[in-house]
Amino acid sequence: MVGRTRLISDKYFRYIVSWLIFGVLGGTLFWQIGWMYTIASVAIAFMLSFGIDMIARMIVGFKVRSIVNEKPLLTVEAIRLRMEKKGFLVVTNRFILFVPLFRKIKTVIDTNQIVRYEVDRLQVTITARLPNRYRTFSYNVTSTKAILSLLQEMTGESLPYKYEKMEKDTM
13 MVGRTRLISD KYFRYIVSWL IFGVLGGTLF WQIGWMYTIA SVAIAFMLSF GIDMIARMIV
73 GFKVRSIVNE KPLLTVEAIR LRMEKKGFLV VTNRFILFVP LFRKIKTVID TNQIVRYEVD
133 RLQVTITARL PNRYRTFSYN VTSTKAILSL LQEMTGESLP YKYEKMEKDT M
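By the numbering used here, the letter at position 146 of the sequence shown is numbered 158, and the numbering carries on one by one without gaps.
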């Protein structure tokens, strides 16, 4: 359970610490020396909080373009539940990719292969039909609203499991 809370807590912990150390504490200490040091301290706090996220999203965009030659429509921070890997869930026109920041991309799902998707709070579960079997991919994401609307638009309505269909028919 600790690994699942890491998705948001790492990011906001970095924001709080960088703004407290460089923004508030550094600003008040460096104000006595000179105003240029104060501005530099606030700029460092800004770069540590928002600059790292912008650079990470740029790296993810470059990796996605090099693999599928498509522009990302949506990029959301995610954790792959099976291996507890942190990365980004990226949606393009024809593909859904899980992109770890400093590792190889191993999960590329064509939207034509998606049979079922389920969104439960912050967990997204996608079932895809691969050549030999059905495979389920589960992710914890920071926001499900945009992903749900894109999945509905790209794949249509989610198909039920065959057992759910049999249960409804017998009732």
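Glycine is no exception: its CB is placed at the ideal position from the N, C-alpha and C atoms.
Exercise. Under a three-way DSSP split, which group does K97 fall into?
Worked result: Sequence index remark: in the sequence shown, residue 97 carries index 85 (1-based). The answer is strand: DSSP assigns K97 an E or B state.
For this session: Closer than 6 Å by C-beta to Q164: which residues in its own chain qualify, once you throw out the five before and the five after it? Chain order, please.
Result: Translated into positions along the sequence shown, residue 164 becomes position 152. Closer than 6 Å at the Cβ level, and outside the excluded window around Q164, lies no residue.
Exercise. Does DSSP put S155 in a helix, a strand or coil?
Worked result: For the purposes of this step, residue 155 is taken as residue 143 along the sequence shown, with counting starting at 1. In this structure, S155 counts as coil in the three-state DSSP scheme.
Exercise. Could you give the uninterrupted runs of the beta strand (DSSP E) lying entirely in the segment 120-157, keeping only those of 3 residues or more?
Worked result: Complete beta strand (DSSP E) runs here, min 3: 126-132, 135-141 and 146-153.
Exercise. Should M13 go down as buried or exposed, given a rule of 16 or more other Cβ atoms within 10 Å for buried?
Worked result: For the purposes of this step, residue 13 is taken as residue 1 along the sequence shown, with counting starting at 1. Unreliable positioning characterises M13 in this predicted model, as indicated by a pLDDT of 42, which lies under 50. A coordinate reading is not provided.
Problem set entry | Nearest to V102 (by Cα), restricted to the options W47, F114 and P84 | By 1-based counting over the sequence shown, the position of residue 102 is 90. For the residues W47, F114 and P84, the minimum Cα distance to V102 belongs to P84.
Exercise. Can you tell me where the alpha helix (DSSP H) with I91 in it begins and where it stops?
Worked result: Position 79 of the sequence shown, counted from the start, is the residue given in the question as residue 91. Unbroken run through I91 is the beta strand (DSSP E), L86 to R92; no alpha helix (DSSP H).
Exercise. Where does L32 fall in DSSP's three states?
Worked result: Walking along the sequence shown from the start, residue 32 turns up at place 20. Three-state result, L32: helix.
Exercise. In terms of residues, what are the limits of the alpha helix (DSSP H) holding F74?
Worked result: Taking the sequence shown and counting its residues from 1, one reaches residue 74 at position 62. From DSSP, the alpha helix (DSSP H) with F74 extends over I64 to V80.
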